[in-house]
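In our numbering, the protein residues as written are 54 to 232. All residues carry an ideal CB built from backbone N, CA and C; glycine is no exception. Have a look at the structure below, then the notes.
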Amino acid sequence: MSEETTEFSPPLPSGQLSLVERVAILSLIILAVVLLVGVTAWPQIFWDGFLEPLVWEPIIQDADVGDSGYTPQNTALFIAVLFAFVITISAIFRITEIPSGGRMLIAFLPWIVWAPVVRVLEDSQYFQGNLKILFISPIIHFHIALWVLFAIMVGRSVKQAIQHWVEETGELTREDSAG
């Protein structure tokens with residue numbers, strides 16, 4: 054064990070992805086490209102024959118009448134995509150050296166609680182119009198994850214800006230600079 058211990062030491066070098074991370078990221082990229090090209094070039098096959106009945110209609114049905122119409126096929130698809138998404142986010146955290154210890158878990162608790170609470174609000178018809186679609190599974194989990202990533206990146210940028218400012222000015226607090 055080294056003499057100097059840190060709060061965070063990644064299992065792999067920050068620039069290196071594991072095989073599982075590479076597969077997850079590549080799978081999401083390939084899925085996005087294939088669906089985008091497919092929906093654009095062959096909408097009857099990709100949208101009418103695949104995405105609309107398997108993915109979109111159950112979400113709309115769930116938002117409108119609360120009876121989702123989820124099937125083993127679309128549930129397996131949602132699980133696979135969400136799993137790949139979680140692995141990708143984990144890789145992003147590791148590559149950017151964002152700590153993933155107990156303090157990070159505590160920081161995630163509001164986000165973890167937000168999804169089921171908002172989902173219950175959607176089930177109780179709290180949201181109206183097209184807005185309610187944002188709070189249906191699995192869409193809610195994707196946009197909450199994007200909000201989490203956004204908040205983390207903003208927090209990281211602010212922290213780096215403050216560290217840079219302290220290094221440049223030598224000032225640690227407002228009280229120090231005022232006195």
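query	result
Nearest-angstrom Cα separation, counted from residue 159 out to residue 71	26 Å
Residue 191 - DSSP class collapsed to helix/strand/coil	coil
Member of 218, 219, 73, 224 whose CA lies at the smallest distance from the CA of residue 144	73
Span of the alpha helix (DSSP H) around residue 122	Taken as a continuous stretch (DSSP letters only), residue 122 belongs to no alpha helix (DSSP H), as it is neither H nor E.
CB contact flag (residue 249, residue 191, <7 Å)	Missing from the structure shown is residue 249; the chain here goes from 54 to 232 and no further.
Span separating the alpha-carbon of residue 67 from that of residue 151	10 Å
Within 7 Å, strictly: CB atoms of residue 141 and residue 77	yes
Residues near residue 121 by beta carbon distance below 7 Å, same chain, minus five either side	111, 114, 115
Contained alpha helix (DSSP H) runs [length at least 4] in the region 59-119, N- to C-terminal order	72-94, 110-118
Integer-rounded CB distance, given that residue 172 should sit under 8 Å from residue 197	About 10 Å; that fails the 8 Å criterion.
Per-residue burial, residue 55 [other beta carbons within 10 Å of its own, 16 or more giving buried]	Unreliable positioning characterises residue 55 in this predicted model, as indicated by a pLDDT of 49, which lies under 50. A coordinate reading is not provided.
Supposed close pair residue 92, residue 104 - CB separation, criterion 8 Å	7 Å
Backbone CA spacing between residue 100 and residue 127 [nearest angstrom]	14 Å
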